[in-house]
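**Q** Residue numbers (our numbering): 752 to 938. Quick one: structure below, then a few questions.
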Amino acid sequence: MEWKMAAVSAMTDAEYAAWEAAMEPVKRARIASMKQPDDRRRSVCADHLVRELAAIVAGCAPGQIELAATDRGAPTVVDRDVYISISHSGDRVLCAAATVPVGVDVQQVRPIKPATVRRVCSSPECDYVAGDAARFAEVWAFKEAVFKCRGTGITRFDSVDYFDETHPRFSFRDGDCVGCVVTEKLA
């Protein structure tokens, strides 16, 4: 498995132009239609990053990786046995590629509302969070990464238990962000 997080603000205008040019025409057109420049920059950075990681896993050059999306909008690699996942929050983009299903999520740590914590977290998870915004972001990132790994999209928060170790994971904090990488099994 390969994963990487990047700061979108570190991308130069020359990198943006080159990375955008490397995209499939349909994706390039979709990104061009985005109203917010920050959304376009995040999308171009994510596409480049996941293409690089998928190439490492597939053992080929990034230019040989063709990306598409499922009918649910999840990113996929065409004609390769490589699973990918993409997330972004604020200035950060987190991507992963593996030979087994993988899910990632990155969250900026933000103030939390007790009602949101109760809606998302089980009683033991609420005890763990205990009003700590970074811990809540950690639980949320884990749950969302599991949903992405399963390919279900966000369904029922109570169907994922933060303390269940069924899915191997790597969680981390980087400045004001919390990230999580989850796989179906260790690759």
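Quick reminder that beta carbons are idealized off the backbone N, C-alpha and C, glycines included.
With ARG965 as the anchor, note down where its beta strand (DSSP E) starts and where it stops.
**A** Since the displayed the chain opens at 752 and closes at 938, residue 965 lies outside it and no answer follows.
**Q** Would you list, in sequence order, the uninterrupted alpha helix (DSSP H) runs of no fewer than 4 residues that lie entirely inside the region 771–812?
**A** Counting whole runs of 4 or more residues, the region 771–812 contains the alpha helix (DSSP H) stretches 776–783 and 788–809.
**Q** Measure the beta-carbon distance from LEU800 to VAL844 and round it to whole angstroms, keeping in mind my assumption that it falls under 8 Å.
**A** Translated into positions along the sequence shown, residue 800 becomes position 49. Translated into positions along the sequence shown, residue 844 becomes position 93. That pair is a contact at about 6 Å.
**Q** Quick check on the DSSP output: the alpha helix (DSSP H) that includes PHE893 runs from which residue to which?
**A** Walking along the sequence shown from the start, residue 893 turns up at place 142. Unbroken alpha helix (DSSP H) run through PHE893: 884–901.
**Q** Can you tell which of ASP915, VAL851, GLY841 and CYS872 has the C-alpha that lies nearest to the C-alpha of TRP891?
**A** The residue given as residue 891 occupies position 140 in the sequence shown. Of ASP915, VAL851, GLY841 and CYS872, the residue nearest in Cα terms is CYS872.
**Q** Out of ARG869, ALA848 and ASP915, point me to the one whose CA is closest to ALA806's CA.
**A** As a working mapping, residue 806 is identified with position 55 in the sequence shown. The shortest C-alpha separation from ALA806 is found at ALA848.
**Q** To the nearest angstrom, report how far apart PRO875 and VAL851 are at their CA atoms.
**A** Residue mapping note: residue 875 aligns to position 124 of the sequence shown, counting from 1. Residue mapping note: residue 851 aligns to position 100 of the sequence shown, counting from 1. Their backbone Cα atoms lie some 30 Å apart in a straight line.
**Q** Within the same chain, show all residues whose beta-carbon is closer than 6 Å to that of MET785, passing over the 5 residues directly before and after it, in chain order.
**A** Along the sequence shown, read from residue 1 onward, the residue named residue 785 stands at position 34. Here the set comprises ARG791.
**Q** Cβ atoms of CYS928 and VAL857: under 9 Å apart, would you say?
**A** Taking the first residue of the sequence shown as position 1, residue 857 is located at position 106. Taking the first residue of the sequence shown as position 1, residue 928 is located at position 177. Yes, the pair counts as a contact, with Cβ atoms nearer than the cut-off.
**Q** In whole angstroms, give me the CA-to-CA distance for PRO862 and CYS811.
**A** The residue you call residue 862 lines up with position 111 of the sequence shown. The residue you call residue 811 lines up with position 60 of the sequence shown. Going by the C-alpha atoms only, they are around 43 Å apart.
**Q** How far does the beta strand (DSSP E) with TYR834 in it reach, from first residue to last?
**A** Within the sequence shown, numbered from 1, the residue matching residue 834 stands at position 83. That run of the beta strand (DSSP E) goes 834–840.
**Q** If I follow the unbroken alpha helix (DSSP H) through VAL929, where does it start and stop?
**A** In the sequence shown, counting from the first residue as 1, residue 929 sits at position 178. From DSSP, VAL929 is part of no alpha helix (DSSP H) but of the beta strand (DSSP E) over 928–934.
**Q** For the alpha helix (DSSP H) that VAL880 lies in, which residues bound it at each end?
**A** One-based indexing of the sequence shown puts residue 880 at position 129. Where VAL880 is concerned, the enclosing alpha helix (DSSP H) stretches over 874–880.
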